[in-house]
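So the sequences go chain by chain: U and W.
Residue numbering for the first sequence follows the UniProt record's numbering, beginning at 1 and increasing consecutively.
Residue numbering for the second sequence follows the UniProt record's numbering, beginning at 1 and increasing consecutively.
Just so you know, even glycine gets a beta-carbon here, dropped at the ideal spot from N, CA and C.
Structure first, then comments.
Number of protein chains: 2
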Amino acid sequence: MGFLTRIPDDSPFTLVNIPFGIFSTKDDSTPRPATAIGDFAVDLRALSKAGFFSDKSVIDALSQQTLNAFAALPAKTRTVAREEIISAAKDGKIPESSLYKLADVKMHLPVNVPDYTDFFCSLEHCQNCAPMMKAPIAENFFHAPSAYNGRASSVIPSPSIVRRPRGVFWTTAADGSREPTYGAEQHLDYELEMGTIVSMPVPYGETIKVDDAPDHIFGFVLLNDWSSRDLQVFEMPPLGPFNSKSFGTTISPWVITLDALKAFQTAPKHTTKRLEHLTYKDFAHGTHDIKLAVHLERDGKRHKIASSNLKYLYWTPYQQVTHHASANCGLRTGDLMGTGTLSGDGTDENGKKLELGCLFEATQHATQPIVLEGGGKLGYLEDNDVIILSAWCEDESGRKVLGFGDCKGKIVAPDAPLD
Amino acid sequence: MGFLTRIPDDSPFTLVNIPFGIFSTKDDSTPRPATAIGDFAVDLRALSKAGFFSDKSVIDALSQQTLNAFAALPAKTRTVAREEIISAAKDGKIPESSLYKLADVKMHLPVNVPDYTDFFCSLEHCQNCAPMMKAPIAENFFHAPSAYNGRASSVIPSPSIVRRPRGVFWTTAADGSREPTYGAEQHLDYELEMGTIVSMPVPYGETIKVDDAPDHIFGFVLLNDWSSRDLQVFEMPPLGPFNSKSFGTTISPWVITLDALKAFQTAPKHTTKRLEHLTYKDFAHGTHDIKLAVHLERDGKRHKIASSNLKYLYWTPYQQVTHHASANCGLRTGDLMGTGTLSGDGTDENGKKLELGCLFEATQHATQPIVLEGGGKLGYLEDNDVIILSAWCEDESGRKVLGFGDCKGKIVAPDAPLD
Numbered sequence: 001m002g003f004l005t006r007i008p009d010d011s012p013f014t015l016v017n018i019p020f021g022i023f024s025t026k027d028d029s030t031p032r033p034a035t036a037i038g039d040f041a042v043d044l045r046a047l048s049k050a051g052f053f054s055d056k057s058v059i060d061a062l063s064q065q066t067l068n069a070f071a072a073l074p075a076k077t078r079t080v081a082r083e084e085i086i087s088a089a090k091d092g093k094i095p096e097s098s099l100y101k102l103a104d105v106k107m108h109l110p111v112n113v114p115d116y117t118d119f120f121c122s123l124e125h126c127q128n129c130a131p132m133m134k135a136p137i138a139e140n141f142f143h144a145p146s147a148y149n150g151r152a153s154s155v156i157p158s159p160s161i162v163r164r165p166r167g168v169f170w171t172t173a174a175d176g177s178r179e180p181t182y183g184a185e186q187h188l189d190y191e192l193e194m195g196t197i198v199s200m201p202v203p204y205g206e207t208i209k210v211d212d213a214p215d216h217i218f219g220f221v222l223l224n225d226w227s228s229r230d231l232q233v234f235e236m237p238p239l240g241p242f243n244s245k246s247f248g249t250t251i252s253p254w255v256i257t258l259d260a261l262k263a264f265q266t267a268p269k270h271t272t273k274r275l276e277h278l279t280y281k282d283f284a285h286g287t288h289d290i291k292l293a294v295h296l297e298r299d300g301k302r303h304k305i306a307s308s309n310l311k312y313l314y315w316t317p318y319q320q321v322t323h324h325a326s327a328n329c330g331l332r333t334g335d336l337m338g339t340g341t342l343s344g345d346g347t348d349e350n351g352k353k354l355e356l357g358c359l360f361e362a363t364q365h366a367t368q369p370i371v372l373e374g375g376g377k378l379g380y381l382e383d384n385d386v387i388i389l390s391a392w393c394e395d396e397s398g399r400k401v402l403g404f405g406d407c408k409g410k411i412v413a414p415d416a417p418l419d
Numbered sequence: 001m002g003f004l005t006r007i008p009d010d011s012p013f014t015l016v017n018i019p020f021g022i023f024s025t026k027d028d029s030t031p032r033p034a035t036a037i038g039d040f041a042v043d044l045r046a047l048s049k050a051g052f053f054s055d056k057s058v059i060d061a062l063s064q065q066t067l068n069a070f071a072a073l074p075a076k077t078r079t080v081a082r083e084e085i086i087s088a089a090k091d092g093k094i095p096e097s098s099l100y101k102l103a104d105v106k107m108h109l110p111v112n113v114p115d116y117t118d119f120f121c122s123l124e125h126c127q128n129c130a131p132m133m134k135a136p137i138a139e140n141f142f143h144a145p146s147a148y149n150g151r152a153s154s155v156i157p158s159p160s161i162v163r164r165p166r167g168v169f170w171t172t173a174a175d176g177s178r179e180p181t182y183g184a185e186q187h188l189d190y191e192l193e194m195g196t197i198v199s200m201p202v203p204y205g206e207t208i209k210v211d212d213a214p215d216h217i218f219g220f221v222l223l224n225d226w227s228s229r230d231l232q233v234f235e236m237p238p239l240g241p242f243n244s245k246s247f248g249t250t251i252s253p254w255v256i257t258l259d260a261l262k263a264f265q266t267a268p269k270h271t272t273k274r275l276e277h278l279t280y281k282d283f284a285h286g287t288h289d290i291k292l293a294v295h296l297e298r299d300g301k302r303h304k305i306a307s308s309n310l311k312y313l314y315w316t317p318y319q320q321v322t323h324h325a326s327a328n329c330g331l332r333t334g335d336l337m338g339t340g341t342l343s344g345d346g347t348d349e350n351g352k353k354l355e356l357g358c359l360f361e362a363t364q365h366a367t368q369p370i371v372l373e374g375g376g377k378l379g380y381l382e383d384n385d386v387i388i389l390s391a392w393c394e395d396e397s398g399r400k401v402l403g404f405g406d407c408k409g410k411i412v413a414p415d416a417p418l419d
């Protein structure tokens, strides 16, 4: 059985997962495709060269330095390739020479991201933010997925180091009026999101049906939409977020495929009637039951600070992809779509809200800081704070069946080194 | 002297221009670099193979299918290459075999565009729009360049065919309330802009000084930011433009370099005090005097419908680039930045405003349509309307010294063919 007997019980990378990523190693700095099983990265380029895959297009795709070519293959071809990996692993045929300890490898972005978009689709997130913004939820929220174009250049893989950005924000002048200042962000936040990665492209000028949306999705990653609240308040009206969201977007490096997630399909939490082009027939399988958690590491201690679930979204990833393509922009393989902050309305035994996907919500803009176990308070992020997003799927007994691996990032001072 | 004796007097592509583009021909469909002189595209890959360039890095760059590698070369290297082309042309040494009639070639995007950003930096445009939007100009406008991330997948080269998009917008219900509808856009607009193309990249996590901004600019193109006003009204709050701006962004295919534009440097029109990081020393050369015009072609007739100038911008391209990089997002070679709609306050002899860079302004949202010579009215764009943006620089006597070539696009029905 080889290394498979060594898959730890708590590993996210079980044999029903088989995620795809891009890695490099000390002995070979060329980025190349891999999967993860247990504590190991499995070099798929090596497996491919050794004849593990039957399809010529798979062999070609696995010789590339990103997963774009692989993601662009027909879904059925990818499914077969994944099954070939699972079979080889189960049969103990994966050679030890293709294995690298995950702790020793460097992970890269899984795909070249041609365009990055960030949605805003959690009703609970909107409801929590609206009173603080002193503005009602925009009426459009309820009729189509809200989104803005993000910045692809600042999408980076976990684990990442993110410099506290500088920018223009409002400060209070001596006479009480507000004045613009250029300086380091003082209210630095994370946002708990997932990211959808596009597989089959949609040509410019074409649209898709919501029932066909899964055909255009390679899989999901975790996504931390780091946010500068001072810059955001300054720049939002009227064009939306810009520099406040483009100093770093950390994604988990392993793409969890729709194949792996098929067993965890479920109905969305919100069942309101939608416009016809956003209404899909198979509502019961309209999204996925993916559990989420956020941890803070500060001073060497780890604190759980939030939890959530993908299924809470008011607009699911399938509806997001469909709406995105609905006005002819075209989608390209590797396009990344953030789901938007994933909040819910779950509470603990004392009625305290737990499912708050950013600190703006969870601390009410630092007016009600989170009290950390062992002392200390969390308002916004301090330099050297580390945020870790995690996600997993459970079976009916509550056992973790597969996971996404960490999406981890550390905030550093504006001029601190990036490596 | 060869073909140079045949440069027509009204050609935009004079010997002081030497723009860069990517073209293909009937006999060779491989996209490759070119310049334009008079009525001809000059195959730069062919010149390069024939030994016209002294620098190895130029030869490598001109063998590529986009101009990204060429744009990424040091500014001095590009300057020398341009001078080598000019010398060869003046000396009559450019072989006829490298010449193709412009009318016969196909132009492609000059660069692969990693990220596209659109600014909103014309004070006059804001002033004209604000009363119609029933909202004051956002205070942030005066302290930093306003912008939103655009969609790179829908940036297309002139001449382009653009389908009227469908999307969600508000209509009036029987009881007078507004209700969301999915359908074809009814208020389709153009926007007169220029586009800045990035040369030397800025690494993720780094920033630049405004005085160094020219080092990061390869050159300029014309840019038509086609806009769906119905979709825009629906989706703007609170995240800004999204699908309303991503059904097509047409750019002129020839990049006019900073070298060519050096003689047309000028001080910006607006001289208000700025935050220090956006204030540059050489204010007198802070922007360029580039004249702009917009024509409509309808039913075979051509109508001039607007004029403007790059120098009117409240925030210049140098300030835009600097602000963009100021929060660590990184800039990549080929990044495209739209200047935002270029309006002014010029009037004709009757006091009628001329410098209105979109139909929303020029027709007051179609309530005051433009009366076309020979009959007909222009409110918003109809199917088969063609919009042509043009730009040029003049010497002191008012003679056109160089031009940008057309940025041309035609609107077609939602399901009309794209070729």
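C-alpha gap between residue i and residue j, whole angstroms
| i | j | result |
| --- | --- | --- |
| Tyr312 (chain U) | Tyr318 (chain W) | 44 Å |
| Leu73 (chain W) | Ser57 (chain W) | 8 Å |
| Asn128 (chain U) | Thr363 (chain W) | 41 Å |
| Gln265 (chain U) | Pro145 (chain U) | 20 Å |
| Arg178 (chain W) | Phe360 (chain U) | 32 Å |
| Thr271 (chain W) | Asp175 (chain U) | 26 Å |
| Met1 (chain W) | Lys90 (chain W) | Note that Met1 (chain W) scores 44 on pLDDT, short of 50, meaning its location in the model is unreliable; the coordinates nonetheless yield the value given after this. Straight-line Cα distance between these residues: approximately 7 Å. |
| residue 434 (chain W) | Cys407 (chain W) | The requested residue 434 (chain W) does not occur in the structure, where chain W is confined to residues 1 to 419. |
| Ala184 (chain U) | Phe120 (chain U) | 26 Å |
| Lys245 (chain U) | Thr322 (chain W) | 17 Å |
| Leu378 (chain W) | Ile370 (chain W) | 5 Å |
| Phe20 (chain W) | Asp259 (chain W) | 12 Å |
| Leu275 (chain U) | Gly167 (chain W) | 11 Å |
Distance between beta carbons of residue j and residue i, contact taken as under 8 Å
| i | j | result |
| --- | --- | --- |
| Ile256 (chain U) | Gly219 (chain U) | 5 Å |
| Ile22 (chain W) | Leu123 (chain W) | 35 Å between Cβ atoms; not a contact. |
| Val294 (chain U) | Ser252 (chain U) | Their Cβ separation, rounded to whole angstroms, is 13 Å, which puts Val294 (chain U) and Ser252 (chain U) out of contact at 8 Å. |
Neighbour list for residue i in chain C, Cβ cutoff strictly below 8 Å
| i | result |
| --- | --- |
| Cys329 (chain U) | Absent from the structure: chain C. Protein chains present are U and W. |
Contact under 8 Å by Cβ, residue i with residue j
| i | j | result |
| --- | --- | --- |
| Arg151 (chain U) | Asp189 (chain U) | no |
| Pro241 (chain U) | Gln232 (chain U) | yes |
| Gly409 (chain W) | Trp170 (chain W) | no |
| Leu102 (chain W) | Ala61 (chain W) | no |
| Val111 (chain U) | Ala147 (chain U) | no |
| Thr25 (chain U) | Gln65 (chain U) | no |
| Trp392 (chain W) | Lys291 (chain W) | yes |
| Ser153 (chain W) | Asp115 (chain U) | yes |
| Val16 (chain W) | Leu261 (chain W) | no |
| Phe247 (chain U) | Asn328 (chain W) | yes |
| Leu342 (chain U) | Glu193 (chain U) | yes |
| Val113 (chain U) | Gly334 (chain U) | yes |
Cutoff 6 Å; reference residue i; Cβ partners in own chain excluding five residues on either side
| i | result |
| --- | --- |
| Asn149 (chain U) | Thr117 |
| Ile161 (chain W) | Lys410, Val412 and Leu418 |
| Thr289 (chain W) | Per the sequence shown, the amino acid found at residue 289 (chain W) is Asp instead of Thr. Around Asp289 (chain W): Phe264, Thr266 and Lys311. |
| Met200 (chain W) | Asp215 and His216 |
| Asp345 (chain W) | Glu124 |
| Lys353 (chain W) | Thr347 |
| Tyr204 (chain U) | Gly330 |
| Ala366 (chain W) | Gly379 and Tyr380 |
Own chain residues within Cβ distance below 7 Å of residue i, not counting five before or after
| i | result |
| --- | --- |
| Tyr280 (chain W) | Val210, Asp211, Gly286 and Tyr318 |
| residue 422 (chain U) | Nothing can be reported for residue 422 (chain U): it is not among the residues displayed for chain U, which extend from 1 to 419. |
Own chain residues within Cβ distance below 8 Å of residue i, not counting five before or after
| i | result |
| --- | --- |
| Arg6 (chain U) | Gly38 and Asp39 |
| Gly376 (chain W) | Arg298 and Asp299 |
Query raised in the report: Would you call the stretch 93-112 of chain U and the stretch 39-50 of chain U in contact, with 3 or more CB pairs under 8 Å?
Result: yes
Query raised in the report: Three or more beta-carbon pairs under 8 Å between the stretch 381-390 of chain U and the stretch 129-143 of chain U, yes or no?
Result: no
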